[in-house]
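S.K.: Below is a structure I'd like to ask you about.
Protein chains in written order, with full-length UniProt numbering: chain A, 1 to 348; chain B, 1 to 348; chain C, 1 to 343; chain D, 1 to 343.
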């Protein structure tokens with residue numbers, strides 16, 4: 001069984017091993033023992049609530065209970081941009097209109113902004129390649145929403161997730177070539193490496209500060225504004241199903257979209273329900289016929305754990321197997337939080 | 001009984017009478033026979049679908065079936081800003097940070113924008129003073145959401161509503177005094193009058209186009225950014241309950257908030273259900289014990305009608321009185337759309 | 001001999017002929033009879049006006065070949081570019097980009113829509129017939145406007161500018177326009193110029209053109225290449241104006257990116273090096289006396305005249321000896337003041 | 001007699017004494033012995049340097065009363081304001097607002113953070129002892145820097161500027177700072193000046209100061225009132241510099257809103273009206289001969305000296321007759337070139 005749980009100090013080596021497999025494109029998970037060690041320490045302090053709420057970084061690992069292997073990682077930062085400025089481009093609209101000449105021109109505009117400062121961020125999701133099957137990816141990504149539903153007071157109302165932007169087959173970012181390169185005069189990968197070590201804000205000093213018309217950019221750069229990297233399409237879809245939307249903020253380098261959601265409108269917050277764990281009867285789940293899988297988490301901040309179960313909450317109760325109860329660190333009579341794995345369509 | 005219905009040509013005189021009672025502060029409903037006549041004609045063409053979708057203006061009146069009096073009006077514009085630029089200030093954030101000096105300054109910024117161009121707009125709501133009792137205000141305001149749920153294809157995904165901004169007891173707008181006056185050099189009421197006759201865009205030519213730090217404004221102007229007029233507080237709350245939120249856009253003159261909602265996340269769109277009208281049994285509703293009131297509309301674009309009923313939809317059926325059926329212009333076996341008048345809290 | 005003088009009503013027919021052959025373009029002559037008549041009448045009214053503050057006056061000069069009384073050139077000067085609106089141009093800005101952490105510091109060139117030239121006096125409509133282009137009279141025509149300004153400073157601003165036509169291709173397209181103005185106006189360059197009548201002070205400009213700086217590195221190469229470059233038809237004017245002291249680096253045209261030359265009057269040779277001398281009658285004293293060429297002008301109204309003379313140097317002197325024929329053309333008598341500058 | 005000369009190591013003690021009495025403020029003398037020593041050494045190195053392109057050189061001059069060998073004034077000039085970073089100032093911009101429908105057109109004054117002064121040469125550290133303030137030697141000290149620039153033009157830019165301290169209240173607070181800089185720096189004016197060492201070319205400025213134009217009408221009245229106004233301590237310098245040809249309207253200081261005077265060298269009297277003359281020995285010929293005052297300077301290196309002399313007018317002439325004592329102070333002999341300008 002796979003369980004997603006709060007990271008612990010002893011997971012550092014496994015985390016490092018995973019970081020070596022990530023490759024470029026994810027700036028928050030680099031194989032750097034110092035950086036990762038600091039981050040795990042902050043994560044442990046976050047779950048233990050020994051640091052201020054806005055400094056917290058809740059990191060989760062997915063563990064295979066059979067072989068004890070760490071197969072995935074993901075995180076929620078309580079607030080971005082409070083130590084180093086957090087930059088994005090925001091896409092706005094400007095209308096240039098002359099009644100005399102009968103011209104009405106609607107232009108998209110890029111504004112360099114720190115608007116998302118203070119938002120909570122979903123980040124650092126990585127699943128080991130040999131575990132990329134079945135519902136594992138969903139479990140890993142969605143565990144965070146269940147955590148947020150259980151502990152909404154730990155987060156700001158605004159939740160964001162930065163998505164990797166479009167690159168062509170050669171790893172070339174048309175947006176960077178059309179914009180950033182003129183101001184940085186260095187390769188995209190060098191920029192990427194600098195952002196990885198926390199220098200993003202200093203690069204942003206070199207970005208033009210005045211609003212830019214998108215129409216000034218080459219066609220191929222315009223086309224990829226708000227487009228994700230091909231490999232990120234499924235991850236984007238998952239988040240959108242949970243109530244995150246592209247609202248016009250993009251990465252300043254590759255124009256990858258930032259998905260945003262209001263915590264109160266996340267599917268998990270709207271639809272997840274608490275349930276009391278029934279004593280294990282062995283039978284109910286043994287014969288459950290094609291039930292929709294359900295995300296189930298305990299309600300314990302310090303030792304948060306979540307699994308995917310075939311059981312469903314009915315009338316405030318849920319029937320979990322002994323193994324599942326163990327994975328969640330709970331027993332009959334305890335309260336758990338449940339959410340169907342997949343969103344249902346509205347009945348309209 | 002009160003019924004809200006699509007406006008008709010013969011409502012013009014009643015509409016004019018109502019417009020004379022509106023007073024200042026609502027720029028879209030002025031007692032001008034020519035303007036109102038044009039608008040009613042557009043509204044009728046909208047319900048009849050004889051003009052392009054983006055030009056439509058769905059206007060509704062609330063009629064007292066007892067005395068045939070028109071007691072209220074409200075409207076939904078299919079798209080704003082496509083003929084004249086639609087201006088707002090957008091509140092953004094800029095961070096000024098110097099590690100060397102250990103200074104981290106987070107500043108709010110006003111950007112002159114046309115970002116909301118093309119959005120659908122809820123507007124022109126007015127209820128005659130002697131009808132401001134009970135649930136009448138809710139019925140009038142919320143009828144539009146039921147209309148949108150029934151005909152979502154007629155609207156853009158983004159729905160907006162401009163709220164009147166804060167003024168002090170003397171009708172003075174601190175925001176206008178702190179900002180607009182420096183650039184217009186005229187009284188707020190004169191500006192208001194100009195916007196009423198469609199000159200808003202030309203006034204906006206005089207606004208400063210560069211981003212402005214909110215901190216440059218006098219304290220009392222800063223304090224009212226995004227604040228509604230005292231008399232508009234209830235209207236704002238109603239819209240917020242339906243899924244509209246203040247997202248940082250404000251009026252360029254009085255800094256009144258623009259509420260925004262994604263159509264797919266409106267309560268009415270999520271929660272309203274279709275139901276078949278049962279034959280009138282007289283009994284069910286006669287003895288309905290403190291049922292929550294339900295908004296019920298027909299599903300007819302051309303002759304859209306909506307009432308507030310004590311009946312509730314159960315298992316896809318609803319029991320409406322004969323009078324109610326007549327008010328809706330439907331009969332047993334027809335399909336109606338229903339939504340509880342009040343939002344329920346999530347079960348968390 | 002050639003003389004530069006204010007345009008007169010009798011010149012209208014000749015101007016029509018000139019307009020028919022002169023370059024297509026926007027900074028030259030009016031094209032239709034109606035507009036020519038308007039321009040001539042405006043000029044005559046301007047020369048005749050009592051002026052305290054430069055305003056709508058527009059002075060049109062012609063270069064006349066006295067032999068044959070033919071017009072071979074035109075040049076104009078407007079008292080105030082913004083008398084009838086705001087004159088818009090792009091200012092060449094340099095934005096410093098600094099990142100201490102990365103040790104990077106560089107400059108970015110940006111174009112900012114500005115109205116700074118609004119209060120300047122504007123030179124325009126410079127045209128000389130092919131036969132005169134290589135003669136000093138081309139320079140006389142160009143400078144005569146400034147000599148007039150030196151004689152009647154209250155009629156003009158302390159600062160002057162001259163927009164010169166930018167680079168266009170064989171089809172009348174402008175690479176600069178295609179990269180910038182077209183995106184906002186949604187029309188071809190020549191259509192836009194026609195629509196707006198070649199003006200740079202129309203409300204439509206403030207309505208349609210970008211209010212935020214345009215970062216030059218984002219413009220396509222072809223557009224960058226023509227920024228500040230002149231149309232071949234403007235080379236003569238460009239040479240004359242830069243020799244005069246005009247500078248080309250600060251502003252460019254918002255439509256075609258052509259250069260806008262500008263200067264404070266203190267930087268202009270005609271202003272700083274011209275001398276007011278008393279005219280005397282020239283009586284050749286000895287053969288072979290070395291002579292130099294001067295532009296000489298007189299009168300600050302509709303009687304304004306300017307010619308070129310070759311006479312002995314007047315450096316340090318206070319009078320200039322002029323042949324009777326020149327006195328006649330200048331409409332001055334012995335003892336009258338004239339303005340002289342080396343040409 | 002007084003002489004302006006480059007600072008020397010031997011002056012350090014005297015400069016310390018001057019620093020102790022001179023005004024608190026940011027555009028004057030360094031305050032600590034260590035910084036004074038640094039400044040003196042930098043100056044000596046600068047006068048000694050071979051310069052092709054103006055860079056980090058910083059030239060410090062002192063005014064010495066020869067009777068008693070006491071220092072009574074200082075003045076400096078930096079070859080390039082931005083040799084060590086970007087020099088930031090606020091440019092005074094005017095934005096035209098036009099609404100044709102309403103028939104409204106007006107101008108809005110805005111301040112834009114700019115780096116245009118970076119390549120200029122900067123005058124600073126002007127201080128004269130009270131006893132000398134009303135004497136022509138105050139003007140000599142101020143102008144000597146420009147005379148040096150005239151003698152060694154390759155050491156300087158074609159453009160010069162001088163920031164003058166702005167208005168502060170009795171507590172050292174600045175109304176302009178309170179309205180603007182404080183909102184970004186979150187500290188008092190004097191703290192900010194101390195933190196940043198009075199510099200205007202630090203990365204912190206680009207990190208903290210606003211990058212968008214500041215619309216002046218939005219500033220509180222007290223802040224608007226002091227824009228471009230000088231601190232009373234700067235009145236002497238302001239008078240001397242405007243008489244010299246500096247203009248005050250284009251830029252102001254980003255911290256206290258004080259004026260930044262600037263000029264192209266063509267606009268400076270010292271540059272345009274100074275004459276290179278051959279020095280001759282003055283032999284008084286007749287009593288009562290009318291004399292005029294000249295600033296006379298010689299040598300373009302560490303031997304640079306400037307004095308005031310009263311001698312017969314040299315207009316039109318090519319030599320200047322100087323008493324032996326003056327020749328000695330200037331360290332020139334008969335026949336050497338000197339630079340002269342009316343004072």
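Think of the CB as a built atom: it goes at the ideal place given N, C-alpha and C, for glycine as much as any other residue.
Since the structure is predicted, the reported quantities are computational estimates derived from the model, not experimental observations.
Could you confirm whether any beta carbon from chain C is found closer than 7 Å to the beta carbon of residue 214 of chain D?
M.R.: To locate residue 214 of chain D, count along the fourth chain from 1; it is residue 214. It does not: the Cβ of residue 214 of chain D has no partner Cβ on chain C nearer than 7 Å.
S.K.: Quick one: list the residues of chain C neighbouring residue 86 of chain A, beta-carbon separation under 8 Å, in chain order.
M.R.: Translated into positions along the first chain, residue 86 of chain A becomes position 86. Residues of chain C passing the Cβ test: none, with the nearest at roughly 16 Å.
S.K.: Quick check: the Cα distance between residue 9 of chain D and residue 32 of chain D, rounded to an integer number of angstroms?
M.R.: Position 9 of the fourth chain holds residue 9 of chain D. Position 32 of the fourth chain holds residue 32 of chain D. About 15 Å.
S.K.: Would residue 323 of chain A count as contacting chain C if we go by Cβ distances under 7 Å?
M.R.: Working through the first chain from its first residue, we reach residue 323 of chain A at position 323. No, residue 323 of chain A does not count as interfacial toward chain C.
S.K.: Since residue 250 of chain A meets chain B, which of its residues come closer than 8 Å, beta carbon to beta carbon?
M.R.: Within the first chain, numbered from 1, the residue matching residue 250 of chain A stands at position 250. In chain order: nothing, as chain B lies at least about 15 Å away.
S.K.: Quick one: list the residues of chain D neighbouring residue 345 of chain C, beta-carbon separation under 8 Å, in chain order.
M.R.: Missing from the structure shown is residue 345 of chain C; chain C here goes from 1 to 343 and no further.
S.K.: Using beta carbons (cut-off 7 Å, strictly below), is residue 208 of chain D in contact with chain B?
M.R.: Sequence index remark: in the fourth chain, residue 208 of chain D carries index 208 (1-based). Chain B, which has a Cβ nearer than 7 Å to the Cβ of residue 208 of chain D, makes this yes.
S.K.: Excluding the 5 residues preceding and the 5 following residue 214 of chain B in the sequence, name in chain order all residues of the same chain whose CB lies nearer than 8 Å to its CB.
M.R.: Here residue 214 of chain B corresponds to residue number 214 of the second chain, with the count starting at 1. So the list reads 91, 107, 108, 109, 110, 222 and 225, once near-sequence residues are dropped.
S.K.: Please determine, among D:78, D:48, D:268 and D:107, the residue with the shortest C-alpha to C-alpha distance to residue 92 of chain D.
M.R.: Start at 1 with the first residue of the fourth chain, and residue 92 of chain D comes out as number 92. Ranking D:78, D:48, D:268 and D:107 by Cα distance to residue 92 of chain D puts D:107 first.
S.K.: With DSSP as the reference, identify every bridge partner of residue 161 of chain B, one or two as the case may be.
M.R.: For this step, residue 161 of chain B is matched to residue 161 along the second chain. Bridge partners of residue 161 of chain B: B:122 and B:259.
S.K.: Could you tell me if residue 13 of chain A is buried or exposed, where buried requires 16 or more neighbouring beta carbons within 10 angstroms of its beta carbon?
M.R.: Taking the first chain and counting its residues from 1, one reaches residue 13 of chain A at position 13. Burial call: exposed.
S.K.: Taking only runs of the beta strand (DSSP E) that begin and end inside the region 203–272 of chain A, which ones reach a length of at least 3 residues, in chain order?
M.R.: Runs of the beta strand (DSSP E) inside the region 203–272 of chain A: 245–250 and 257–262.
S.K.: When the distance is taken between beta carbons, is residue 111 of chain D closer than 7 Å to residue 90 of chain D?
M.R.: Here residue 90 of chain D corresponds to residue number 90 of the fourth chain, with the count starting at 1. Here residue 111 of chain D corresponds to residue number 111 of the fourth chain, with the count starting at 1. Yes, these two residues count as a Cβ contact at 7 Å.
S.K.: Taking residue 311 of chain B as the reference, which of B:230, B:260 and B:340 has the closest Cα?
M.R.: Here residue 311 of chain B refers to the residue found at position 311 of the second chain. The candidate whose alpha carbon is nearest that of residue 311 of chain B is B:340.
S.K.: Let's test the definition: count the other Cβ atoms within 10 Å of the Cβ of residue 262 of chain C and tell me whether it reaches 16, buried, or not, exposed.
M.R.: As a working mapping, residue 262 of chain C is identified with position 262 in the third chain. Classification of residue 262 of chain C: buried, given that the 10 Å Cβ count is 16 or more.
S.K.: Cα separation between residue 3 of chain D and residue 303 of chain D?
M.R.: For the purposes of this step, residue 3 of chain D is identified with residue 3 of the fourth chain, where counting begins at 1. For the purposes of this step, residue 303 of chain D is identified with residue 303 of the fourth chain, where counting begins at 1. Roughly 12 Å between the two C-alpha positions.
S.K.: In angstroms with no decimal places, state the Cα-to-Cα distance between residue 286 of chain A and residue 50 of chain A.
M.R.: In the first chain, residue 286 of chain A corresponds to position 286, counting from 1. In the first chain, residue 50 of chain A corresponds to position 50, counting from 1. Legend: pLDDT at residue 286 of chain A = 46, less than 50; position of this residue unreliable, no value from coordinates given.
S.K.: Spatial neighbours of residue 103 of chain B within its chain, please: C-beta separation below 8 Å, excluding the five flanking residues on both sides.
M.R.: Position 103 of the second chain holds residue 103 of chain B. Closer than 8 Å at the Cβ level, and outside the excluded window around residue 103 of chain B, lie 96 and 97.
S.K.: When the Cα of residue 6 of chain B is compared with those of B:33, B:40 and B:34, which residue comes out closest?
M.R.: Within the second chain, numbered from 1, the residue matching residue 6 of chain B stands at position 6. Out of B:33, B:40 and B:34, B:40 has the C-alpha closest to the C-alpha of residue 6 of chain B.
S.K.: Looking at residue 98 of chain D and residue 195 of chain C, is the spacing between their C-beta atoms short of 7 Å?
M.R.: On the third chain, residue 195 of chain C is found 195 positions in, with the first residue counted as 1. On the fourth chain, residue 98 of chain D is found 98 positions in, with the first residue counted as 1. Cβ distance not < 7 Å, so residue 195 of chain C and residue 98 of chain D don't count as in contact.
S.K.: What do you reckon, are the CB atoms on residue 257 of chain D and residue 176 of chain D nearer than 7 Å?
M.R.: To locate residue 257 of chain D, count along the fourth chain from 1; it is residue 257. To locate residue 176 of chain D, count along the fourth chain from 1; it is residue 176. It is a contact, given that the beta carbons lie within the stated cut-off.
S.K.: For residue 165 of chain D, count neighbouring C-beta atoms within 10 Å of its own C-beta (all shown protein chains included) and say buried if the count is 16 or more, exposed if not.
M.R.: The residue you call residue 165 of chain D lines up with position 165 of the fourth chain. With 16 or more Cβ atoms within 10 Å of its Cβ, residue 165 of chain D is classed as buried.
S.K.: In the structure shown, what three-state DSSP assignment does residue 337 of chain B receive?
M.R.: Here the question's residue 337 of chain B lines up with position 337 in the second chain. Reduced to three states, the DSSP call for residue 337 of chain B is strand.
S.K.: Name the residue from D:254, D:180, D:311 and D:156 whose alpha carbon lies nearest to the alpha carbon of residue 271 of chain D.
M.R.: Counted from its first residue, the fourth chain places residue 271 of chain D at position 271. With distances taken between Cα atoms, residue 271 of chain D lies closest to D:156.
S.K.: Please specify which runs of the beta strand (DSSP E), each continuous and at least 3 residues long, are wholly inside the region 157–223 of chain D, giving them in chain order.
M.R.: As far as the region 157–223 of chain D is concerned, its whole beta strand (DSSP E) runs of at least 3 residues are 159–163.
S.K.: Out of A:268, A:59, A:308 and A:136, state which residue places its alpha-carbon closest to the alpha-carbon of residue 71 of chain A.
M.R.: Within the first chain, numbered from 1, the residue matching residue 71 of chain A stands at position 71. For residue 71 of chain A, the nearest C-alpha among the options comes from A:136.
S.K.: So what does DSSP say about residue 111 of chain D, is it helix, strand or coil?
M.R.: Position 111 of the fourth chain, counted from the start, is the residue given in the question as residue 111 of chain D. Correct three-state label for residue 111 of chain D: strand.
S.K.: What residues from chain A crowd round residue 246 of chain B, counting only those whose CB sits closer than 7 Å?
M.R.: Sequence index remark: in the second chain, residue 246 of chain B carries index 246 (1-based). The premise fails here: residue 246 of chain B is roughly 12 Å from chain A at the closest Cβ pair, so nothing lies under 7 Å.
S.K.: With a threshold of 6 Å on Cβ separation, who are the neighbours of residue 288 of chain B within its own chain once the five nearest residues in sequence on each side are excluded?
M.R.: Position 288 of the second chain, counting from 1, holds the residue named residue 288 of chain B. Residue confidence is low: residue 288 of chain B scores 48 on pLDDT, short of 50, so the model does not pin down where it sits. No coordinate-derived value is stated.
S.K.: Do you know how far the Cα of residue 338 of chain C is from the Cα of residue 15 of chain C?
M.R.: Taking the first residue of the third chain as 1, we reach residue 15 of chain C at position 15. Taking the first residue of the third chain as 1, we reach residue 338 of chain C at position 338. The straight-line gap from Cα to Cα measures roughly 28 Å.
S.K.: Using beta carbons (cut-off 7 Å, strictly below), is residue 425 of chain A in contact with chain B?
M.R.: The structure shown does not extend to residue 425 of chain A, since chain A is modelled only from 1 to 348, so the question has no answer here.
S.K.: Which residue or residues does DSSP assign as beta-bridge partners of residue 342 of chain B?
M.R.: For this step, residue 342 of chain B is matched to residue 342 along the second chain. In the DSSP output, where bridge partners are listed per residue, residue 342 of chain B has none listed.
S.K.: Compute the distance between the beta-carbons of residue 117 of chain D and residue 81 of chain D, then report whether it is under 7 Å.
M.R.: Numbered from its first residue, the fourth chain carries residue 117 of chain D at position 117. Numbered from its first residue, the fourth chain carries residue 81 of chain D at position 81. Contact: yes.
S.K.: For residue 90 of chain A, decide whether its Cβ has a neighbour in chain D, counting only Cβ atoms nearer than 7 Å.
M.R.: The residue given as residue 90 of chain A occupies position 90 in the first chain. No, no contact with chain D.
S.K.: Buried or exposed: residue 33 of chain B, going by 16 or more other Cβ atoms within 10 Å of its Cβ?
M.R.: Position 33 of the second chain, counting from 1, holds the residue named residue 33 of chain B. Residue 33 of chain B comes out exposed.
S.K.: Any C-beta of chain D sitting closer than 7 Å to the C-beta of residue 174 of chain B?
M.R.: Position 174 of the second chain holds residue 174 of chain B. By this cut-off, residue 174 of chain B is not an interface position.
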